[in-house]
Amino acid sequence: MRYLNKVLIAFAVLFSLSFTNLPESNGYKIGDIATDFNLENIDGRMVSLSDYEDAKGFIVIFTCNTCPYAVAYEDRIIALDKKYASKGYPVIAIMPNNTDIKPGDSMKNMRARAKAKGFTFPYLMDKDQSIYPQYGATKTPHVYVLEKTSKGPQVKYIGAIDDNYQDAKKVNEKYVEEAVDALLNNEPIKTKETRAIGCTIKV
Amino acid sequence: MKLIYLLCIVLFLGCGNAQKDIADSKNSNSAQDTELTVVNYDALEPMLNKKNDSIYVVNFWATWCAPCVKELPHFEKLQDNYKAKGVNVLLVSLDFPRQYDKKLKPFIKENDLHSKVVALNDTNQNRWIPAIDDSWSGAIPATLIYDSTKRRFYEQTFTYDSLLKELKQFL
């Protein structure tokens, strides 16, 4: 009988463990206040949202060197920064992957990629992988549009950059642009959340 | 196994959706001759909602996705071991269309995949990701297991044992 009890307990433990393995949809929802961070940029400096005193908000993009989807969006990320940094919504790119698993995303390689592509925005490393889980990012690329409010940076849009990862010329809906334009014009955002395929963040 | 593979090819020749990209000169071997069924979501949707006595294990993957490639043999093994029990594995590739000839077809050939493979080419991801499962953020690998009465969705990687454990809920 004792043995049976032990077996039952073992099963119960296994069963509960199996549940903790399931992905949890933690992270920010629309309207939440996002955490600030202090992450190393490719130029060696530390960058925080609070450094941007004049910004109205931010286009925070979790991205990396090694994901084909992220690479497909590089030019469009540069274009977003060029269009919106001067309007008060700069792009802040954060590389969330574990570089032991993805050496192609090392600081050295991030620096090289940023130089080759001419990134105009900070490209930060979430070195201890503590920031992306708070945001709830699961993949690259994964965008969070934040608006500065008296309570802090408020999450206004979560998801994809636009609706065509294959061909920038065939995009019908520029989700991020539409969201930022709406914020700039004090209008409601039409599409607040979108889904897109991306590369799982490597833990 | 080769025979099953051939049968799959023959079965899907009739779909009419197969799309042949221009052959890459570097890969002028027979990999280009590998038939590949390319579908949009409207064509995929019935494959995710079959109502019969079978159990369907649908894995979303891509050749560029390292954790996907790593777990692929577990799905192949599952297909082999449980085919007789009515388990059908479907591998839905999310490779970019320009990689079909260069990467996907050679991968299917080299690994002699005997599970059914289709390539999903549908850019309106914001439509089909939540339609497949409302909890799916879009990260891959991701897996759907369903039969006529229930469905479970997993945005995670699997070992063979953990995959088998989930399958056993359906057996």
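The listed protein sequences derive, respectively, from chains A and B.
Position in the first sequence counted from 1, then plus 759, gives you my numbering.
Position in the second sequence counted from 1, then plus 15, gives you my numbering.
Just so it is clear, CB atoms sit at the ideal spot from N, CA and C, and this is done for glycine as well.
In the DSSP assignment, find the alpha helix (DSSP H) that holds residue i and state where it starts and stops.
| i | result |
| --- | --- |
| A/P912 | Unbroken run through A/P912 is the beta strand (DSSP E), G911 to G918; no alpha helix (DSSP H). |
| A/Y882 | Run containing A/Y882: none in the alpha helix (DSSP H); it sits in the beta strand (DSSP E), Y882 to M884. |
| B/S177 | Y175 to K183 |
| A/E833 | E833 to Y843 |
| A/E812 | Neither: A/E812 is in no alpha helix (DSSP H) and is coded neither H nor E. |
| B/I123 | K120 to E125 |
So with Cβ pairs under 8 Å, would you call residue i a contact of chain A?
| i | result |
| --- | --- |
| B/T138 | yes |
| B/N74 | no |
| B/F111 | yes |
| B/P82 | yes |
| B/I4 | Given that chain B is displayed from residue 16 to residue 186, the structure contains no residue 4 of chain B and the question cannot be resolved. |
| B/S152 | yes |
To the nearest angstrom, how far is the alpha carbon of residue i from that of residue j?
| i | j | result |
| --- | --- | --- |
| A/N780 | B/W143 | Because the pLDDT at A/N780 is just 39, under 50, the model does not fix this residue reliably, and the value given afterwards should be weighed accordingly. Rounded to whole angstroms, A/N780 to B/W143 spans 25 Å at the Cα level. |
| B/K92 | A/A919 | 35 Å |
| B/L179 | A/T950 | 39 Å |
| B/Y56 | A/D802 | 43 Å |
| B/D36 | B/C80 | With a pLDDT of 40 at B/D36, under the threshold of 50, the modelled position of that residue is not reliable, and the figure given next carries that caveat. The alpha-carbon atoms of B/D36 and B/C80 are separated by roughly 21 Å. |
| A/E906 | A/F817 | 7 Å |
| B/N96 | B/E181 | 15 Å |
| A/N923 | B/K98 | 37 Å |
| A/V904 | B/D176 | 40 Å |
| A/L942 | A/G863 | 36 Å |
| A/I792 | B/V73 | 37 Å |
| A/G895 | A/D859 | 22 Å |
| A/K788 | A/V830 | 26 Å |
| B/T158 | B/F75 | 6 Å |
| B/P121 | B/T52 | 14 Å |
| B/I70 | B/N141 | 27 Å |
| A/F880 | A/G786 | 24 Å |
| B/P88 | A/M869 | 32 Å |
Evaluate residue i with the Cβ neighbour count: other Cβ atoms within 10 Å of its Cβ, from every protein chain shown; 16 or more gives buried, anything less gives exposed.
| i | result |
| --- | --- |
| B/S150 | exposed |
| A/D834 | exposed |
| B/Q184 | exposed |
| A/P804 | Contrary to the premise, residue 804 of chain A reads as Arg rather than Pro in this sequence. It is exposed - the Cβ of A/R804 has fewer than 16 other Cβ atoms within 10 Å. |
| A/D921 | buried |
| A/A875 | exposed |
| A/V962 | exposed |
| B/E86 | buried |
| A/K915 | buried |
| A/R954 | buried |
| B/Y152 | Before going further, note that residue 152 of chain B is Ser rather than Tyr in the sequence given. So B/S152 ends up on the buried side. |
| A/C958 | buried |
Specify the secondary structure class of residue i as computed by DSSP and reduced to three states.
| i | result |
| --- | --- |
| A/V962 | coil |
| A/I860 | coil |
| B/H89 | helix |
| B/R167 | strand |
| B/S150 | coil |
| A/P947 | coil |
| B/K66 | coil |
| A/L808 | helix |
| B/A134 | strand |
| A/N800 | strand |
| A/K788 | coil |
| A/K898 | strand |
Give a yes or no on whether 8 Å exceeds the smallest Cβ distance from residue i to chain B.
| i | result |
| --- | --- |
| A/I956 | yes |
| A/V962 | no |
| A/P827 | yes |
| A/N824 | no |
| A/K907 | no |
| A/A938 | no |
| A/Q893 | no |
| A/K788 | no |
| A/D885 | no |
| A/N785 | no |
| A/T959 | yes |
| A/Y832 | no |
I'd like the span of the beta strand (DSSP E) that includes residue i, first residue to last.
| i | result |
| --- | --- |
| B/N74 | I70 to W76 |
| A/A852 | V850 to M854 |
| A/E906 | H901 to T908 |
| B/Y161 | A157 to Y161 |
| A/I818 | G816 to F821 |
Just to confirm, does residue i get its C-beta within under 7 Å of one of the non-hydrogen atoms of the ligand PLP?
| i | result |
| --- | --- |
| A/N944 | This structure lacks the ligand PLP; in fact it carries no ligand of any kind. |
Inset, instruction - Anything in the stretch 847 to 867 of chain A with a Cβ closer than 9 Å to a Cβ of chain D? List those residues in chain order, please. - result: Reference to chain D is not applicable here, since the protein chains of this structure are A and B.
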